[in-house]
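Quick note, the sequences are listed as chains A and B, same order.
When the letters of the first sequence are read in order and numbered with my numbering, they come out as residues 1 to 156.
When the letters of the second sequence are read in order and numbered with my numbering, they come out as residues 1001 to 1156.
Glycine is no exception: its CB is placed at the ideal position from the N, C-alpha and C atoms.
Computed from a prediction, not measured in an experiment: that's the story for all the values here.
Number of protein chains: 2
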Amino acid sequence: MKIQLWSIGKAHESYVKEGIELFTKRLNNYFSADWKIIPSPKNAAGLEPEELKTKEEEIILAQLKKDDYLILLDERGKLLNNMALANFIQQRANDSTKTCIFLIGGAYGVSKGIQQRANFTWSLSSLVFPHQLARLILAEQLYRCCSILKNEKYHH
Amino acid sequence: MKIQLWSIGKAHESYVKEGIELFTKRLNNYFSADWKIIPSPKNAAGLEPEELKTKEEEIILAQLKKDDYLILLDERGKLLNNMALANFIQQRANDSTKTCIFLIGGAYGVSKGIQQRANFTWSLSSLVFPHQLARLILAEQLYRCCSILKNEKYHH
């Protein structure tokens, strides 16, 4: 199974870049994993939130394949503990999912179309994190879950 | 009110240092806030978890003042959303708390003595984060809460 980490917006900011690279590299010991940063549409700052989300939807849907398993990170999603997240990833691998995509939405979240396309909606926390920090947390958590599945020491 | 961020262990690792400094600086626009890194006891690696926690308890209690309001970060604590956390901080300021201390425990958590001394136990998430990353999340969340209390744009 391949893992892809998609995020709308700018490149990783310097305050999270080293950590994202560190944990993504470690994650790659378990699954082929890489980031796709989807730039915001042109003139994003001049668009109303709903227009922006519609534009982002077009860009995202054009890049998704039919059998991609899409996990949307959204504060209205389901909270999971580490064991539940690890089991969730194991189930995808067991399901013969080819590509599991974790999507961090844009500044205003994502459109209804993307919400409907998502196979699962996951909330990292009852706290809201900036999107850049969510990237770092996501990379670390996926690495953590893999270490749990392999009974390694990292998580204790 | 002063805010102090206490953490047991090593100095900030490079992958979180820039972010911790960034958000701590911003937090300082609202409250005087700084970090105290409490080094692990000598020979920590050779101690059993309970011995280590007892040693850490001595060090921490020796540095706490009687009227310090101690918030322990622990996965068994209460989950808060941003509004609840912001209100919690506002209440401490209204209570005339002089110093509000947020404590991130050691590798095995903290002793029962510290748990009992804590005025409040807060869980950042149903996910477990490494202690270094918890420092970054804590700094960002406290800044976020201050921006909420001032009706600023950062949180939306």
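Outcome for residue i when other beta-carbon atoms lying within 10 angstroms are tallied against a minimum of 16
i	result
B/GLN1174	Chain B is shown only over 1001 to 1156; residue 1174 of chain B falls outside these bounds and no answer can be derived.
A/GLY46	exposed
B/TYR1154	exposed
B/ASP1074	buried
A/LEU72	buried
A/GLU56	buried
B/LYS1078	exposed
B/ALA1011	exposed
B/ILE1059	exposed
B/SER1096	exposed
A/ASN82	buried
B/LYS1053	buried
B/LEU1138	buried
A/LEU80	buried
B/LEU1085	buried
A/LEU61	exposed
Top-ranked residue by Cα proximity to residue i, from the options
i	options	result
A/GLN51	A/LYS65, A/VAL110, A/LYS66, A/LEU149	The amino acid occupying residue 51 of chain A in the given sequence is Glu; Gln does not appear at that position. Measuring from the Cα of A/GLU51, the nearest candidate turns out to be A/VAL110.
A/ALA33	A/PRO41, A/HIS131, A/PHE23	A/PHE23
B/LEU1103	B/ILE1020, B/HIS1131, B/ASN1029, B/ALA1044	B/HIS1131
A/LYS150	A/LYS2, A/GLN4, A/PHE31	A/PHE31
A/ASN87	A/TRP6, A/ARG144, A/GLU18, A/ILE101	A/ARG144
B/PHE1120	B/ARG1076, B/ARG1135, B/HIS1156, B/ASN1094	B/ARG1076
A/LEU127	B/ASP1068, B/LYS1065, B/ILE1148, B/ALA1118	B/ILE1148
B/ASP1067	B/LYS1042, B/ARG1117, B/ALA1084	B/ARG1117
B/ALA1134	B/LYS1065, B/CYS1100, B/ILE1003, B/TYR1015	B/TYR1015
A/LYS25	A/GLN4, A/ALA44, A/ILE38	A/GLN4
B/GLU1021	B/LEU1136, B/HIS1156, B/LEU1070	B/LEU1136
A/ILE37	A/GLU48, A/LEU27, A/ASN43, A/LYS17	A/LYS17
B/GLN1115	B/LEU1085, B/ARG1092, B/TYR1069, B/LYS1098	B/TYR1069
A/GLN90	A/LYS65, A/ALA44, A/CYS146, A/HIS156	A/CYS146
B/GLU1048	B/GLU1152, B/HIS1156, B/GLY1019, B/GLY1106	B/GLY1106
A/ILE101	A/TRP122, A/LYS42, A/LYS112	A/TRP122
B/ASN1028	B/ASN1094, B/PRO1041, B/MET1001	B/MET1001
A/LEU108	A/PHE129, A/LYS98, A/SER125	The residue you asked about is not Leu; residue 108 of chain A is Tyr in the sequence shown. Minimum Cα distance to A/TYR108 is reached at A/PHE129.
Where residue i falls: helix, strand or coil (DSSP)
i	result
B/THR1099	strand
A/SER111	coil
A/GLU152	coil
A/ALA134	helix
A/ALA139	helix
Counterpart residues of residue i in DSSP-defined beta bridges
i	result
B/ILE1003	B/ALA1033, B/CYS1100
B/PHE1129	According to DSSP, which records beta bridges pairwise, B/PHE1129 is partnered with nothing at all.
B/SER1014	DSSP lists no partner for B/SER1014.
B/SER1123	B/LEU1079
B/ILE1008	B/ILE1038
With a floor of 4 residues, list each alpha helix (DSSP H) that falls wholly inside the stretch 1024-1109 of chain B, ordered by position along the chain. Listed in chain order, the alpha helix (DSSP H) runs fully inside the stretch 1024-1109 of chain B are 1049-1063, 1082-1094, counting runs of at least 4 residues.
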